[in-house]
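Asks: If you scroll down you'll find the structure; I have some questions about it.
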Ligand code: XMP
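Numbering (UniProt numbering), first residue to last: 7 to 534.
Structure follows, in structure tokens:
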């Protein structure tokens, strides 16, 4: 397995993602794990991630020195390269000190000579036999002098030391980001590092996972009882199906209806789990509690905290009734684990606070059961299908924990949620029903996430002979591989026209529909 140390880059997860794509198991830990931890981990290789800090400042993250004494290959990426350079006796300078511009975006690097990492990997080859690679860069600082023993691996005009290697010690470092898809050969480079240079075995596959996971759950909980908060989302659903497969009626699910779900979602969850799978599910109607707490609150972060907090309170009250439960199961998946591990470490900058992980009251005194903790989203989906959950459910677009609460801008009201639910359902229905001729796929499958957003502003319209003065709905549809960056989807005009017509005609209270044409970054996918 490969150990990835996280220095707080927004894209660290993608490193693990790519490494696992090549069949090698990898895990991310914070950069400040102890030397002891690093020595005992058993890594075949170590990758140091990027990060938002500058090694030129005194009190910034460094890799545990043990990383460089393990005798296994090490790959530094961006900040990881800079801290490697500095910790091994080289020199890093800021863009200002070097008189170079900061660099964000595409760059073409020249690979100098042969190194095991880049040998034979290039997008083009020059007449002199140098490789050219299109990569994605995002940095201010650069390595100004390499540590002893290192040779230059690649450069660009604005970044003379864009990659370096000490092949005797198997230390490699790149200033660009091989983990993002914009770096065309990124996957090949990471695969080269973990398989050929580290010699890690490519034996990570979904197939045996179910049996292993079931055995593990049984061993963990024995004959004790487990409760699980079912949200209707993919993660908690797959967790419920997996745990139910392992321990049957020892599992009780609690489904909290907070009034911020999609149209008919509650009934669908009950149908699928209670009726079809025979899982014990308690449905709690908490709509009034949530709406009461949200009244008058407009700040997005405050809303997220209230919804998260109230969810825990309702769930806690319900779980106290189940006095025999000893375990709390959660559909925590790997990206959640990493994201919350980053918090409080001052490494990654928090853009939005997600409410799914952590925050459980200490007094719940329940042990945590998180059978999906090691899996990425697409791995969770494959597991869900393998467990017999309906394909459409498992491949549903992601839905945020705070639900429609972050899709109703400003104050949340039941009236707004009711309008939004209906508009959103029309949009989704039309996406599912419209097939793109070029690909033969429907537009729901061609987009990664699509939904309607309620804008609490009124505009003037005319319907029949009458003036209307009603609310606006924005449609959002994006295409993305990892949800960290996204393009707005180029939906056909006919489809947009039909959705707009249907919403305005069928949802009384909305007289205007607009389409969101912002990418991420600079916008985020959700509006709050
Ligand atoms: P943003 O809006 O940050 O969203 O571009 C990226 C992805 O995360 C989802 N999202 C959430 N998911 N709890 C979740 O489970 C949350 O609090 C939350 N906020 C955003 C969002 O839907 C998108 O898929």
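Even glycine gets a Cβ: it sits at the ideal position worked out from N, Cα and C.
1) Mind checking whether the beta-carbon of residue 526 lies closer than 6 Å to any heavy atom of the ligand XMP?
2) Whole angstroms are fine: how far does the CA of residue 240 sit from the CA of residue 399?
3) Taking the alpha-carbon positions, what's the residue 362 to residue 312 distance?
4) Please name the residue or residues paired with residue 5 in a DSSP beta bridge.
5) Which runs of the beta strand (DSSP E) spanning at least 3 residues fall entirely within the stretch 173-238, listed in chain order?
6) Give a yes or no on contact between the stretch 402-412 and the stretch 244-253, applying the rule of three or more CB pairs nearer than 8 Å.
7) With 16 other CB atoms within 10 Å as the buried threshold, where does residue 527 fall?
8) If you draw a straight line from the alpha carbon of residue 511 to that of residue 237, how long is it in whole angstroms?
9) Does the contact criterion of 3 or more C-beta pairs under 8 Å hold for the stretch 66-86 versus the stretch 215-234?
10) Measure how close the beta-carbons of residue 233 and residue 334 come, nearest whole angstrom, since I'm counting them as under 8 Å.
11) For residue 482, count neighbouring C-beta atoms within 10 Å of its own C-beta (all shown protein chains included) and say buried if the count is 16 or more, exposed if not.
12) Please report how far the alpha carbon of residue 386 lies from the alpha carbon of residue 174, in whole angstroms.
13) Taking DSSP as the reference, what is the three-state secondary structure of residue 73?
14) Among 454, 144, 130, 126, which residue has its Cα nearest to the Cα of residue 195?
15) Anyone know if the C-beta pair for residue 7 and residue 31 falls short of 7 Å?
16) Candidates 185, 391, 119, 317: which alpha carbon is nearest residue 135's?
17) Using 6 Å as the cut-off, classify the Cβ of residue 547 as near or not near the heavy atoms of the ligand XMP, replying yes or no.
18) Cα separation between residue 351 and residue 146?
19) Closer than 6 Å to a non-hydrogen atom of the ligand XMP - does that hold for the CB of residue 88?
20) Can you tell me which residues form a DSSP beta bridge with residue 1?
21) In its own chain, which residues sit with a C-beta less than 8 Å from the C-beta of residue 263, not counting the 5 before and 5 after it?
22) So does residue 71 have its beta carbon nearer than 6 Å to some heavy atom of the ligand XMP?
23) In the stretch 71-155, which residue ranges form an unbroken beta strand (DSSP E) of at least 3 residues, counting only runs that do not cross its ends?
24) Looking at C-beta atoms only, is the number of pairs between the stretch 195-205 and the stretch 19-34 that lie closer than 8 Å three or more?
25) Which whole runs of the alpha helix (DSSP H) in the stretch 297-349 are 4 residues long or more, in chain order?
26) Is it the case that the CB of residue 192 approaches a heavy atom of the ligand XMP more closely than 6 Å?
27) To which residues of the same chain is residue 38 closer than 6 Å at the C-beta, ignoring the five residues directly before and after it?
28) State the Cα-Cα distance for the pair residue 93 and residue 144, rounded to the nearest angstrom.
29) For residue 445, which residues in the same chain have their Cβ closer than 8 Å to its Cβ, ignoring the five residues on either side in sequence?
Replies: By the coordinates alone:
1) yes
2) 7 Å
3) Per-residue confidence for residue 362 stands at a pLDDT of 49, beneath the threshold of 50, marking its modelled position as unreliable; no derived number is given.
4) Because residue 5 is not part of the residues shown, which for the chain are 7 to 534, the question remains open.
5) 177-180, 231-236
6) no
7) exposed
8) 31 Å
9) no
10) 6 Å
11) buried
12) 40 Å
13) helix
14) 126
15) yes
16) 119
17) An answer regarding residue 547 cannot be provided, because it is not within the stretch 7 to 534 covered by the chain.
18) A caution first: residue 351 carries a pLDDT of 42, below 50, which makes its placement in the model unreliable, though a value can still be read off. Computed Cα separation, rounded: 22 Å.
19) no
20) In the structure as shown, the chain starts at 7 and stops at 534, and residue 1 therefore has no counterpart that could be examined.
21) 272, 289, 290, 291, 292, 293
22) no
23) 80-83, 97-99, 109-117, 137-145, 148-151
24) yes
25) 306-327, 340-348
26) no
27) none
28) 21 Å
29) 452
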